[in-house]
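Undergrad:
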Amino acid sequence: MLPFLQEAARVRPSQKQLDWFDLESYAFIHFGPNTFTDKEWGTGQEPESIFNPTKLDCRQWAKAIRSAGMKGMVLTAKHHDGFCLWPSQYTEHSVKNSPFKGDVVKEAADACREYGLKFGFYLSPWDRNSRYYGTPDYNEYFCNQLKELLTGYGEIFYVWFDNACGEGPNGKKQIYDFPRYFDLIHTYQPNAVIFNDFGPDIRWCGNEGGVPRQAEWAVVPSELCPYATVQTGPGPLAEEGCLSYLYNTDGDIGAMHQILYSKGLVFAPSEIDMSIRPGWFWHEKEEPHSLARLFQVYLSSVGSNACFHLNIPPNREGLLDDRDVRRLQEYGDFLKKEFSDPIPAKVEKLPNCPPTQPQYKILLEKPRKEIKYVVLSEDIAQGQRVESFRITKNQDRIASFEGACIGHKRICPLQNPFKNQNPLTDTSLPDIESLTVHITAARDEVRMKDIKVY
Ligand code: FUL
């Protein structure tokens, strides 16, 4: 078993996955005919004439995205209705036949460059407009469009594919040739990461509501992400059983009890995608989520070994709604307030601990009444190794935080272990002079990169 765990500990990210992790959060922009019809999924029969954003200003989007500390933008170049936000030469169902006439993809890509954001796109394989959909010619059509986007808009950091597929009872069914799509991306934008439920580079977190898992592993069984590169041999129990049931919606993915049964492990981290409002597209009656909810999702994504892909939908004028712009600014300011100034402290690795159970003592320069967060990072370029850890204050035996994995970044909000008891006990708690991070299990020697307190 030990050699397999050591192999598991060495499953490594590619450089582009590491670069993606460092972005931490980026914006999704859902825009298209649905914006004008008040729908979430169009039928593909919407006339081009309805697409008429009279005040389109992608710079306004970019500015608001930056105010929230996000580092990139991903635009729905084509959603399930098949309408193209760029003047594709392969269909008439696009901006070129709308009163708008321009090229939204170009304006968005240019605005990103001006504001120092990375640019990427969503291209829906499900196309309810194309006459080719459901025939062998569709993959050719899709690749032609993909190539237009990969070659016409400068550097692309991200290509986002969902798996929605089908026309319902009328039976049109398309087999998507994902390996062919991926090859095109590798040829024309080798540094772009690819999102898909099944990998290769980034996988879905399994819900669209920002709901976290207790542990979000980036090293997962290849049974979950068959498009990603397998980096290990089979687990010691692989012959005994089967993991074909695994799907992103499962609550526990990548944990020890699963990897032992896997035919081989891959590096495929998760992205938490959620809209700032209930819908992905703009609907007048919807309001943005509260700051508290956004922050909670930040903790369970960026702070839990994933990235946060937050959607903000432009309205019918082509502008982000003022309510959302205000919320983004508020959210960005809040993150700055919480995480700009680490508390001065010295970190010492305690001697004589086993390599898979190290302990790190954090000695504060000055004692304090409160510490809000401990932020931990593993040197994930070497692999993800920590299985569980606990954080204690001073000489306490009781944990102020218990966690299952660390990975790229783990933000641990410290809890007062007495908070549900008599509140008067609270006032008698001594100042915090030190904290101890105790790794309680790891797959191999632990490689911590950073420990900070806020
Ligand atoms: C889903 C789509 O069906 C939704 O409309 C939205 O685009 C979301 C991000 O992905 O699969």
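So for the sequence shown, our numbering puts the first residue at 148; every next one is plus one. Glycine is no exception: its CB is placed at the ideal position from the N, C-alpha and C atoms. Keep in mind the model is a prediction, meaning the values are calculated, not measured.
1. How close, in whole Å, do the beta carbons of Val158 and Leu412 come, if the pair is a contact with beta carbons under 8 angstroms?
2. For a minimum of 4 consecutive residues, which ranges assigned as the alpha helix (DSSP H) are wholly contained in the region 161 to 234?
3. Could you check what DSSP says for Phe342 in three-state terms: helix, strand or coil?
4. Does the beta-carbon of Ala174, which I'm using as the reference point, lie nearer than 6 angstroms to any heavy atom of the ligand FUL?
5. Restricting to Cα atoms, I'd like to know which of Lys556, Leu582 and Gly530 is closest to Lys540.
6. Looking at C-alpha atoms only, which residue of Glu517, Leu497, Trp167 and Cys559 is the closest neighbour of Lys265?
7. Expressed to the nearest angstrom, what Euclidean distance is found between the alpha-carbon atoms of Ile176 and Gly554?
8. On the DSSP bridge list, what partners appear for Ile509?
9. At a cut-off of 6 angstroms, would you count Ala311 as near the ligand FUL, judging by its Cβ distance to the nearest heavy atom?
10. Around the C-beta of Tyr280, are 16 or more other C-beta atoms found within 10 angstroms, so that it is buried, or is it exposed?
11. For the region 525 to 545 against the region 585 to 600, do three or more pairs of beta-carbon atoms, one drawn from each stretch, fall closer than 8 angstroms, so that the two count as touching?
12. Give a yes or no on whether the C-beta atoms belonging to Ala415 and Gly346 are separated by under 7 angstroms.
13. Is it true that the CB of Lys218 sits closer than 7 angstroms to the CB of Tyr285?
14. Below 6 angstroms CB to CB, which residues in the same chain sit around Glu154 once its five sequence neighbours on both sides are set aside?
15. In this structure, how does DSSP classify Ala155 when only helix, strand and coil are distinguished?
16. To the nearest angstrom, report how far apart Arg474 and Leu438 are at their CA atoms.
17. Can you say whether Tyr394 is buried or exposed, counting buried as having 16 or more other CB atoms within 10 angstroms of its CB?
18. Give a single yes or no on whether Trp351 has its beta carbon closer than 6 angstroms to a heavy atom of the ligand FUL.
19. Opposite Glu525 in the DSSP bridges: which residues?
20. Who does Val367 pair with in a DSSP beta bridge?
21. Thinking C-alpha only, which one of Gln207, Leu270, Lys410 and Asn291 is nearest Ala258?
22. Below 8 angstroms on the Cβ atoms is my contact criterion, and I expect Trp427 with Asn462 to pass it. Report the Cβ-Cβ distance as a whole number of Å.
23. Just checking Trp427 against the ligand FUL - is the residue's beta carbon closer than 6 angstroms to any of the ligand's heavy atoms?
24. Can you confirm whether the region 223 to 239 touches the region 480 to 499 when touching is taken to mean that 3 or more C-beta pairs between the two stretches lie within less than 8 angstroms?
25. I need the straight-line Cα distance from His404 to Thr396, nearest angstrom please.
26. Taking the alpha carbon of Lys410 as the reference point, which residue from Met595, Gly299 and Glu386 has its own alpha carbon closest?
27. So, under 8 angstroms CB-CB, Ile586 and Phe536 are touching, yes? Tell me the CB distance rounded to an integer number of Å.
28. Taking buried to mean at least 16 other C-beta atoms within 10 Å of its own C-beta, is Glu431 buried or exposed?
29. How is the alpha helix (DSSP H) around Pro326 delimited, first residue to last?
30. Between the C-alpha atoms of Pro283 and Asp324, what's the straight-line distance to the nearest angstrom?
31. Drop a sphere of 10 angstroms on the beta-carbon of Tyr300, count the other beta-carbons inside from all chains shown, and report buried for 16 or more, exposed for fewer.
32. Tell me the residue span of the alpha helix (DSSP H) that contains Gly479.
33. If contacts are defined as beta-carbon pairs under 8 angstroms, then Glu464 and Met421 qualify, I think. What distance do you get, rounded to the angstrom?
34. Among the candidates Lys163, Pro150, Val521 and Ile518, whose CA atom is the shortest distance from the CA of Gln336?
35. Assuming Phe268 and Val242 form a contact by the criterion Cβ under 8 angstroms, report the distance between their Cβ atoms to the nearest whole angstrom.
TA: Taking the coordinates as given:
1. 5 angstroms
2. 162 to 170, 180 to 184 and 205 to 214
3. strand
4. no
5. Leu582
6. Trp167
7. 28 angstroms
8. Val494 and Leu582
9. yes
10. buried
11. yes
12. yes
13. no
14. Thr379
15. helix
16. 7 angstroms
17. exposed
18. no
19. Met595
20. Val413
21. Gln207
22. That belief does not hold up - the Cβ atoms of Trp427 and Asn462 are roughly 14 angstroms apart, past 8 angstroms.
23. yes
24. no
25. 17 angstroms
26. Glu386
27. 5 angstroms
28. exposed
29. Phe325 to Tyr335
30. 10 angstroms
31. buried
32. Asp469 to Phe486
33. In fact, because the Cβ distance is near 24 angstroms, the residues do not count as touching under 8 angstroms.
34. Lys163
35. Not confirmed; about 14 angstroms, so no contact.
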